[in-house]
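J.: Residue numbers (mature numbering (1 follows the signal peptide of the UniProt record, and there is no 0)): -23 to -1, 1 to 301.
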């Protein structure tokens, strides 16, 4: 065997040895799970529920760090720039992995390719709602009103560049109308104005809206997904109503910095898969209106790539950039 082949084989065995060592010794200290959202919301419940399960499974503390700001880019940058040793992770979704860096050149990381994807874990359905006080009780009525004049219909979101903003842009493009975007600083104020009838419609997280739907104060018209939600089984998809089906739920998954050792990814993925089969974990999530939706590492990475293509197309077509 010549020297070149010997060196290649030696390097390969060394890499395998390091990878196996990573799996055997990881984690060897506290693991930080960064959450881009504030304490108290659905994202925080998801993060803390999984952190408790991972702590039991991995034998080291997994602590949640709520790192808010920058339309989730602050958290994204913190993880993308961290050492790829598996001790700094993030639980996030499209706003962090895809939307923030696409909208803002100052996000501090390049986009979806800046991360190693471990597991997708849940999906929170986004649903189209309107105030029960108004007369917009069907998608056809919304379309008819929106086409009468530009910005005749207003839609709420939880901020510029948020997923509800993207869904609103998709819907406006589909029906060929210009709708008025009304961004709010979070779900609570957006919900208040929906209830009051100060904004016509909203594509919002089901978790925050279900109590108001059940009370009759808000009317749910459709779900922005290709399938119905177990939490709202009677709510049709937009496709069932003759419109384009949107796979635009607020999904969450666990990732680390680019270059995370494959053995660490595999070990963490296995721990998350086990968590997503735990009855206590599932009960806490479904009680909060969250749909379990596990995808293993390779499938999750492919899903994010597809999501980036879809959302990137929306951003490019709409001309939205540098949201503030």
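No residue lacks a Cβ here, since even glycine has one placed at the ideal position from N, Cα and C.
Would you decide whether residue 169 is buried or exposed? Buried here means 16 or more other CB atoms lie within 10 Å of its CB.
T.: Classification of residue 169: exposed, given that the 10 Å Cβ count is below 16.
J.: Just the Cα atoms here: how many angstroms apart are residue 224 and residue 48?
T.: Cα to Cα, residue 224 sits roughly 21 Å from residue 48.
J.: Taking the alpha carbon of residue 23 as the reference point, which residue from 136, 278 and 230 has its own alpha carbon closest?
T.: Comparing Cα-Cα distances from residue 23 to each of 136, 278 and 230, the minimum goes to 230.
J.: With distance defined between alpha-carbon atoms, name the residue in 103, 282 and 163 nearest to residue 214.
T.: Ranking 103, 282 and 163 by Cα distance to residue 214 puts 103 first.
J.: Considering only residues of the same chain and omitting the five flanking positions on each side of residue 187, which have a CB-CB separation below 8 Å?
T.: Cβ within range, chain order: 208, 209 and 266.
J.: If residue 155 and residue 277 are in contact, beta carbons under 8 Å, what's the gap, nearest whole angstrom?
T.: No, residue 155 and residue 277 are not in contact; Cβ-Cβ is about 35 Å, not under 8 Å.
J.: Just to confirm, does residue 119 get its C-beta within under 6 Å of one of the non-hydrogen atoms of the ligand ATP?
T.: The ligand ATP is not part of the structure shown, which contains no ligands of any sort.
J.: Apart from the five residues on each side of it in sequence, which residues of its chain come closer than 6 Å, Cβ to Cβ, to residue 131?
T.: Taken in chain order, the residues that qualify are 157, 159, 176 and 177.
J.: In its own chain, which residues sit with a C-beta less than 8 Å from the C-beta of residue 114, not counting the 5 before and 5 after it?
T.: Same-chain partners within the cutoff: 107, 196 and 198.
J.: Start and end of the beta strand (DSSP E) containing residue 95?
T.: First-last of the beta strand (DSSP E) with residue 95: 92 to 101.
J.: Taking the beta strand (DSSP E) that residue 220 belongs to, which residues open and close that run?
T.: Per DSSP, residue 220 belongs to no beta strand (DSSP E) and is neither H nor E.
J.: Evaluate residue 260 with the Cβ neighbour count: other Cβ atoms within 10 Å of its Cβ, from every protein chain shown; 16 or more gives buried, anything less gives exposed.
T.: Exposed: under 16 other Cβ atoms inside 10 Å.
J.: Does the beta carbon of residue 177 come closer than 7 Å to any beta carbon on chain D?
T.: The displayed structure is made up of one protein chain only, and chain D is not part of it.
J.: Are three or more beta carbon pairs between the stretch 128 to 147 and the stretch 282 to 298 nearer than 8 Å?
T.: Yes: the two stretches touch, three or more of their Cβ pairs being nearer than 8 Å.
J.: Report the start-end ranges of each beta strand (DSSP E) in the stretch 136 to 186 that is 3 residues or longer and not cut off at the edges.
T.: Within the stretch 136 to 186, the complete beta strand (DSSP E) runs of at least 3 residues are 157 to 160 and 178 to 182.
J.: For the beta strand (DSSP E) containing residue 291, list its first residue and its last residue.
T.: That residue, residue 291, is in no beta strand (DSSP E); its alpha helix (DSSP H) goes 274 to 295.
J.: Assess, as a yes-or-no matter, whether the stretch 117 to 135 is touched by the stretch 77 to 97 under the definition of 3 or more beta carbon pairs within less than 8 Å.
T.: Contact fails: fewer than three Cβ-Cβ distances are below 8 Å.
J.: Whose C-beta lies closer than 7 Å to the C-beta of residue 171 among residues of the same chain, with five residues either side of it excluded?
T.: Result list for residue 171: 106, 108, 133, 179 and 195, in chain order.
J.: Give the C-beta separation of residue 245 and residue 63 to the nearest angstrom, bearing in mind that I take them to be a contact with Cβ-Cβ under 8 Å.
T.: Right, the Cβ-Cβ distance comes to about 7 Å (below 8 Å), so this counts as a contact.
J.: Count the other CB atoms, across all protein chains shown, that sit within 10 Å of the CB of residue 203; report buried if there are 16 or more and exposed otherwise.
T.: The residue in question, residue 203, is exposed, as its Cβ has fewer than 16 Cβ neighbours within 10 Å.
J.: What is the residue span of the alpha helix (DSSP H) that residue 30 lies within?
T.: Element bounds for residue 30: 19 to 35.
J.: What is the residue span of the beta strand (DSSP E) that residue 233 lies within?
T.: Element bounds for residue 233: 227 to 234.
J.: Identify every residue that forms a DSSP beta bridge with residue 196.
T.: Bridge partners of residue 196: 107.
J.: Tell me which same chain residues have a C-beta within less than 8 Å of the C-beta of residue 60, skipping the five on either side of it?
T.: Excluding positions up to five away in sequence, the list reads 234.
J.: I'd like to check one pair, residue 227 with residue 101: are the Cβ atoms closer than 7 Å?
T.: In contact: residue 101 and residue 227 (Cβ atoms closer than 7 Å).
J.: With the cut-off set at 7 Å, would you say residue 273 and residue 99 are in Cβ contact?
T.: Result no, Cβ atoms of residue 273 and residue 99 do not sit closer than 7 Å.
J.: Could you please give me the residues that DSSP links to residue 132 through a beta bridge?
T.: Residue 132 is bridged to 158 and 178.
J.: Can you grab the Cα-Cα spacing for the pair residue 184 / residue 73, in whole Å?
T.: Straight-line Cα distance between these residues: approximately 20 Å.
J.: Do you know how far the Cα of residue 29 is from the Cα of residue 35?
T.: Rounded to the nearest angstrom, the two C-alpha atoms are 10 Å apart.
J.: Would you identify the three-state DSSP class for residue 12, choosing helix, strand or coil?
T.: Strand, per DSSP.
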